[in-house]
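*Asks:* Counting along the sequence shown from 1, when you hit position 13 you're at 15 in the working numbering, and nothing is skipped either side. Below you will find the structure I want to go over with you.
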Amino acid sequence: MPRTLLIPLSLMFCACSTEESKSYEPVVSSSPTRTVVADVKRAAIYQAPSPPSPDPWRASAEGDLVLLKMAINERSFDVNLADPLFKTTPLGHAAWWGRPGSVELLLASSATPDLAYGEPWTTPLHVACLWGHVEVAAALLNAGASPELPDEGGSTARENLRISEQDTMGLASAFQAPFAFESIQAGRDAIRKLIP
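Structure below.
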């Protein structure tokens, strides 16, 4: 299986911070056009000196359900912890790469669907909408993810459905994400039908 590049959307906009993310505090974010105050729960960062084995973040991104189950069930990994390098939760990695099996397993294992991650922060539904991952978005919405929750820049997941082809493919290129705009747009069209 090819190795998956684990890069969240948030890295496009700023470098990783070495500070630990704060969990469960209201967050204020600003953009040139608006200021948003959201009661957003943020993921804590995994702090152990060595990574867990097996790596739940990579298993989530690659859709390796055997290793992901092992990390959760046998190693008692907290599925809401973000990785120390990219500050992304397993659910965030699974949503980014469109791994519905990983998303379903993580949600069944008490992953919080609206838990924000990254610097600047975003949510799994934001990236599922960005890349048009219909099955992932459906699972997140069914688990209670809000399409109206803003990210740190003040954009909602619903707004990510309208990002232009040029901007979308610019992000795909920057992250070496092998996504084609036609399939992204078809996925976004299907997600629009899922959002009330």
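The C-beta atom is built at its ideal place from N, Cα and C for all residues, glycine as well. No experiment lies behind these values; they were computed from the predicted model shown.
Short of 6 Å in beta carbon distance, which residues of its chain neighbour GLU150, apart from the five on each side in sequence? Order them along the chain.
*Replies:* So the qualifying residues of the chain are THR158.
*Asks:* Spatial neighbours of GLU161 within its chain, please: C-beta separation below 7 Å, excluding the five flanking residues on both sides.
*Replies:* Counting only Cβ-Cβ distances below 7 Å, and skipping sequence neighbours, we find nothing.
*Asks:* Mark ALA176 as exposed unless 16 or more other C-beta atoms lie within 10 angstroms of its C-beta, in which case mark it buried.
*Replies:* Under this definition ALA176 is an exposed residue.
*Asks:* For ARG77, count neighbouring C-beta atoms within 10 Å of its own C-beta (all shown protein chains included) and say buried if the count is 16 or more, exposed if not.
*Replies:* ARG77 should be labelled exposed.
*Asks:* At the level of alpha carbons, what is the spacing between SER23 and PHE88?
*Replies:* With a pLDDT of only 34 at SER23, under the threshold of 50, the placement of this residue in the model should not be trusted; the figure read from the coordinates follows. SER23 and PHE88: Cα-Cα distance of roughly 12 Å.
*Asks:* Grab me the residues of LEU143's own chain with a C-beta within less than 8 Å of its C-beta, minus the 5 sequence neighbours each way, in chain order.
*Replies:* These residues qualify, in order along the chain: LEU127, PRO149, LEU196 and ILE197.
*Asks:* Whole angstroms are fine: how far does the CA of PRO102 sit from the CA of ILE74?
*Replies:* Straight-line Cα distance between these residues: approximately 17 Å.
*Asks:* Per DSSP, what kind of secondary structure is PRO152 in: helix, strand or coil?
*Replies:* Residue state, collapsed to three classes: strand.
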